[in-house]
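In this note's numbering, the protein residues as written are 657 to 1118.
Every residue, glycine too, gets a C-beta built ideally from N, C-alpha and C.
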């Protein structure tokens, strides 16, 4: 294949974008010095900045990378604004720390305020220009969906809203010669996890040979095979599949990070604890904290701490039920705490005690864990690691995401665990907290209308 015929994956644009943003971070600091010192900063002020540019560059590349700032073309403008703001805030915090340890005391505080504003404007303006360029040059993709006869994960509101801008050409419920003729006519193929392994392997092989982009909804064996290592004994090639758990070394590193972050978090948020406790007491004089049994690693039961957001004895007559939208049991203060996620802060105590981790599958209540374990095959494997305050399912899914798909995301996290992944999840959690609702998506009525029209078009009933 000639280079001119190869598909572009956007790597060059992402690299250019990353370099541009790092340059803007440095430029923002430099311009802020010129503004602060009226165009003539003295060496005692500007030299610490010059000396620490390499550290600022490293911090910028690291934060921009784990925040995924170059992979946001599908995000809204508001979400891009949040990602830029969170990234620059963290870069400035790291820069302040570097200046302190390198004795850069001549780096005035006003530089960071002015610099942040300049950096934000430059990067946001560039991001808007890049998004406009991508939008103008984007070619809508034709899509074929292959599902099973029993049902589909792909004919859902979330999926159909996610492929907005592309066109579903056909939906197949069987894999036959007609399926392969349709594959030849489309750009992308999506195949559901419920399709038989034999048909799935045939489609994978055909798409690979015919240079078609294929997306597969994974089942448990496919998730387990992810990140497998290639080994060979003589001329025999083997795939080494690691256990679906963390190694001893990984558990030690994760625990050290949990201890450091929970201690720092509790120290920094201690004033918030006092304010929130006062707000809860003033509203109904009830208890400040709410303790609830949850399931963590190896199915151990522990008491999870939260700020109380519901009326006292809210489940006295209903028993354990999942939280509802506009739940009448939630207090006014509780509604604010839930919207801002501040009700989760006491879980830092659970992390400090070793019952939870900062990042991991969300702990489920024993009643629902037992129910989901029976109904969903993958759900029972989530307890191979400690439960977490936040996780992959919380930043990629929605509150309404099904337990099955949340379980898949949790298993993907366990299979691909690394400290770098934990950091990416923590930074993206900051972005999610600032949003009105986690990955809200399209309105339910609009998504249902899309689904209905597609099902009618292809005469499929589910």
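From the DSSP output, in three-state form, read off residue 966 for me. strand
Out of curiosity, what's the CA-to-CA distance linking residue 966 and residue 840? 55 Å
Would the C-beta of residue 923 count as close to the ligand MN, meaning under 7 Å from any of its heavy atoms? For the ligand MN, the structure offers nothing, since it holds no ligand at all.
Could you tell me if residue 753 is buried or exposed, where buried requires 16 or more neighbouring beta carbons within 10 angstroms of its beta carbon? exposed
Using DSSP's beta-bridge definition, name the partner residues of residue 799. 824 and 844
Please return the same chain residues whose Cβ sits closer than 7 Å to the Cβ of residue 774, not counting the five positions on each side in sequence. 684, 687 and 688
Can you tell me which of 919, 988 and 1040 puts its alpha carbon nearest to the alpha carbon of residue 1007? 919
Only counting the same chain, and skipping five residues up and downstream in sequence, which positions put a Cβ closer than 7 Å to that of residue 1025? 951
To the nearest angstrom, how far is it from the Cα of residue 751 to the Cα of residue 724? 20 Å
Nearest to residue 746 (by Cα), restricted to the options 852, 694, 668 and 768: 768
With DSSP run on the structure shown, which of helix, strand or coil describes residue 731? coil
Reference residue 704; option with closest CA among 757, 737 and 695: 757
Own chain, CB closer than 6 Å to residue 666, minus 5 neighbours either side, in chain order: none
Residue 959, DSSP secondary structure in three states: strand
Are the CB atoms of residue 860 and residue 825 within a distance shorter than 8 Å? no
3-residue-minimum beta strand (DSSP E) runs that sit fully inside the region 863-949, ordered along the chain: 869-872, 885-889 and 892-896
Compute the distance between the beta-carbons of residue 895 and residue 881, then report whether it is under 8 Å. yes
Opening and closing residue of the beta strand (DSSP E) in which residue 667 lies: Here residue 667 belongs to no beta strand (DSSP E); instead the alpha helix (DSSP H) covers 667-692.
Should residue 749 be labelled buried (16 or more other beta-carbon atoms within 10 Å of its own) or exposed? exposed
Would you call residue 930 buried or exposed, if buried means 16 or more other Cβ atoms sit within 10 Å of its Cβ? exposed
Note down the Cα distance separating residue 991 from residue 937, rounded to an integer number of angstroms. 15 Å
Can you grab the Cα-Cα spacing for the pair residue 672 / residue 711, in whole Å? 20 Å
Enumerated in chain order, which unbroken segments of the alpha helix (DSSP H) with a length of 4 residues or greater are wholly contained in the region 985-1051? 988-996, 1003-1009 and 1022-1031
So which of 729, 772, 835 and 1059 has the shortest CA-CA distance to residue 793? 729
Are the region 1068-1075 and the region 851-860 touching by the rule of at least three beta carbon pairs closer than 8 Å? no
Per DSSP, cross-strand counterpart(s) of residue 951: 957
Check whether the region 1016-1032 touches the region 1040-1052, counting contact only when three or more Cβ pairs, one atom from each stretch, lie closer than 8 Å. yes
Please state the DSSP three-state secondary structure of residue 835. helix
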